[in-house]
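Undergrad: Here it is: the structure, laid out below.
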């Protein structure tokens, strides 16, 4: 015979079971809605629902099934995998604080991220990669409310010369790049050991002296872009508001002189006898190019 107490317990369990089922159904519905996210790169359209298997096969081990950067391998990795739920990305063509374009994410999947455990996934087809971009986007609702920023313009790269390299060195000191990267670019500046990422985890500055490839590419334009957009989620800020667009090339050229491989920039620096900056010295403006000599005068027919 069932007592009032047992009936009450049975009713409570039924209510809890119903609530649990309802919650699971809501979660499943939300997941299905999110899997409707698309990505567009060129003529390709990516669909999140088509990338689930590839994500779990190639990405979840580091980034986690929920995209939170807590995959089973994450504890062994340095730097830590990106947390996609935050929708903050280092390699972008867009201003700091804004979402990257789909093409930015597509390029990152194909290129990988230098000095990290993120490899290149170029062996995947173009369609598989653009599907993965859509899947990465489905982890954050920010993609539903915000639009990617406009890609920053990159002016044509000027010819490198001694004046530009000296100007870049002045910028390196003035903007206090040395405080993280060190006076010789060896990642040993006075702030280097205190740096943390957006989740308060230790992070190391880039070592120009030991590495030939930048985190988001290898070309001068890639370094220019990093300098002007910053690396969101890290202490590396954007300097777009601090320098003129053309002036930023000077810093690119100077940073090339700090790298180990032979380059025209390094050759010019050696010819100049360029020394590392002195952080304690006052910042002096770079020398202006010498004025062109006045044209020679023809005195043959000049009245005496």
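In this note's numbering, the protein residues as written are 47 to 350.
Where is the CB? At the ideal position from N, CA and C, for every residue including glycine.
From a predicted model like this one, the values you see are computed outputs, not experimental measurements.
Do residue 129 and residue 114 have their C-beta atoms within less than 7 angstroms of each other?
TA: Residue 129 sits at position 83 when you count from the first residue of the chain shown. Residue 114 sits at position 68 when you count from the first residue of the chain shown. Cβ atoms of residue 129 and residue 114: closer than 7 angstroms.
Undergrad: Bridge partners for residue 84 per DSSP, in chain order?
TA: Here residue 84 is taken as the residue at index 38 of the chain shown, counted from 1. Beta-bridge pairing links residue 84 to 93.
Undergrad: Within the region 104-133, note down every full alpha helix (DSSP H) run reaching 4 residues or more, in order along the chain.
TA: 106-109
Undergrad: Identify, in the order they occur along the chain, each residue of the same chain with its Cβ nearer than 8 angstroms to the Cβ of residue 197, setting aside the five sequence neighbours on each side.
TA: Here residue 197 corresponds to residue number 151 of the chain shown, with the count starting at 1. In its chain, beyond the 5 residues on either side, 139, 140 and 147 have a beta carbon closer than 8 angstroms to the beta carbon of residue 197.
Undergrad: Classify residue 258: buried if its beta carbon has 16 or more other beta carbons within 10 angstroms, exposed otherwise.
TA: Stepping through the chain shown from its first residue, residue 258 is reached at position 212. Its Cβ having fewer than 16 others within 10 Å, residue 258 is exposed.
Undergrad: Exposed or buried, which one is residue 318 when buried takes at least 16 other CB atoms within 10 Å?
TA: For this step, residue 318 is matched to residue 272 along the chain shown. Exposed, because fewer than 16 other Cβ atoms sit within 10 Å of the Cβ of residue 318.
Undergrad: Output the boundary residues of the alpha helix (DSSP H) element that contains residue 1.
TA: Since the first and last residues shown for the chain are 47 and 350, residue 1 lies out of range.
Undergrad: Between the C-alpha atoms of residue 310 and residue 161, what's the straight-line distance to the nearest angstrom?
TA: Mapped onto the chain shown, residue 310 falls at position 264. Mapped onto the chain shown, residue 161 falls at position 115. Rounded to whole angstroms, residue 310 to residue 161 spans 25 angstroms at the Cα level.
Undergrad: Just the Cα atoms here: how many angstroms apart are residue 323 and residue 213?
TA: Here the question's residue 323 lines up with position 277 in the chain shown. Here the question's residue 213 lines up with position 167 in the chain shown. So the alpha carbons of these two residues sit roughly 12 angstroms apart.
Undergrad: For residue 320, list the residues DSSP reports as bridge partners.
TA: For the purposes of this step, residue 320 is taken as residue 274 along the chain shown, with counting starting at 1. Per DSSP, residue 320 has no beta bridge partner at all.
Undergrad: In the DSSP output, what is residue 260 paired with across the bridge?
TA: Taking the chain shown and counting its residues from 1, one reaches residue 260 at position 214. Beta bridge pairing from DSSP links residue 260 with 263.
Undergrad: State the Cα-Cα distance for the pair residue 166 and residue 154, rounded to the nearest angstrom.
TA: Within the chain shown, residue 166 is the residue found at index 120, counting from 1. Within the chain shown, residue 154 is the residue found at index 108, counting from 1. Cα to Cα, the separation comes out at about 8 angstroms.
Undergrad: Please identify the residue among 136, 216 and 144 whose C-alpha is closest to the C-alpha of residue 289.
TA: Counting from one through the chain shown, the residue named residue 289 turns up at place 243. Answer by Cα proximity: 216.
Undergrad: Quick check on DSSP: helix, strand or coil for residue 242?
TA: Start at 1 with the first residue of the chain shown, and residue 242 comes out as number 196. Residue 242: strand per DSSP, three-state reduction.
Undergrad: Return the CA-CA distance between residue 124 and residue 87, expressed in angstroms with no decimal places.
TA: On the chain shown, position 78 is the one that residue 124 refers to. On the chain shown, position 41 is the one that residue 87 refers to. About 30 angstroms.
Undergrad: Report the rounded CA-to-CA distance for residue 292 versus residue 327, giving the unit in angstroms.
TA: Residue mapping note: residue 292 aligns to position 246 of the chain shown, counting from 1. Residue mapping note: residue 327 aligns to position 281 of the chain shown, counting from 1. CA-CA distance, residue 292 to residue 327, rounds to 26 angstroms.
Undergrad: Hey, could you find the ends of the alpha helix (DSSP H) residue 214 is sitting in?
TA: As a working mapping, residue 214 is identified with position 168 in the chain shown. Per DSSP, residue 214 belongs to the alpha helix (DSSP H) from 208-220.
Undergrad: For residue 392, collect the residues of the same chain with a Cβ closer than 7 angstroms to its Cβ; drop the 5 residues on either side in sequence, then sort them by chain order.
TA: The shown model of the chain, from 47 to 350, leaves out residue 392, and the question about it has no answer.
Undergrad: Taking just the CA atoms, how far does residue 282 sit from residue 299?
TA: In the chain shown, counting from the first residue as 1, residue 299 sits at position 253. In the chain shown, counting from the first residue as 1, residue 282 sits at position 236. If you take the alpha carbons of residue 299 and residue 282, they lie about 19 angstroms apart.
Undergrad: Kindly list the residues whose CB is nearer than 7 angstroms to the CB of residue 126, restricted to its own chain and excluding five residues on each side of it in sequence; keep chain order.
TA: In the chain shown, counting from the first residue as 1, residue 126 sits at position 80. So the qualifying residues of the chain are 115, 120 and 247.
Undergrad: Hey, could you find the ends of the alpha helix (DSSP H) residue 304 is sitting in?
TA: Along the chain shown, read from residue 1 onward, the residue named residue 304 stands at position 258. Element bounds for residue 304: n/a, residue is neither H nor E.
Undergrad: Among the residues of its own chain, which have a CB less than 6 angstroms from the CB of residue 276, if the five just before and after it don't count?
TA: Along the chain shown, one-based indexing puts residue 276 at 230. Closer than 6 angstroms at Cβ, skipping near neighbours: 142, 282, 283 and 284.
Undergrad: DSSP on residue 145, reduced to helix/strand/coil?
TA: The residue given as residue 145 occupies position 99 in the chain shown. Strand at residue 145.
Undergrad: Below 8 angstroms on the Cβ atoms is my guess for residue 314 versus residue 200; work out the distance and round it to an integer in Å.
TA: The sequence position of residue 314 within the chain shown is 268, counting from 1. The sequence position of residue 200 within the chain shown is 154, counting from 1. Rounded, the Cβ-Cβ distance is 22 angstroms, inconsistent with contact.
Undergrad: Just how far apart, CA to CA, sit residue 169 and residue 103?
TA: Here residue 169 corresponds to residue number 123 of the chain shown, with the count starting at 1. Here residue 103 corresponds to residue number 57 of the chain shown, with the count starting at 1. Straight-line Cα distance between these residues: approximately 14 angstroms.
Undergrad: Tell me which residue opens and which closes the alpha helix (DSSP H) that residue 177 is part of.
TA: Sequence index remark: in the chain shown, residue 177 carries index 131 (1-based). Unbroken alpha helix (DSSP H) run through residue 177: 172-183.
Undergrad: Just grab the DSSP bridge partners of residue 194 for me.
TA: Translated into the one-based positions of the chain shown, residue 194 becomes position 148. BP columns for residue 194 point to 145.
Undergrad: From 111, 178 and 307, pick the residue whose C-alpha is nearest to that of residue 254; which is it?
TA: As a first step, residue 254 is located in the chain shown; it is residue number 208 there, counting from the start. Residue 307 is the option with its Cα nearest to residue 254.
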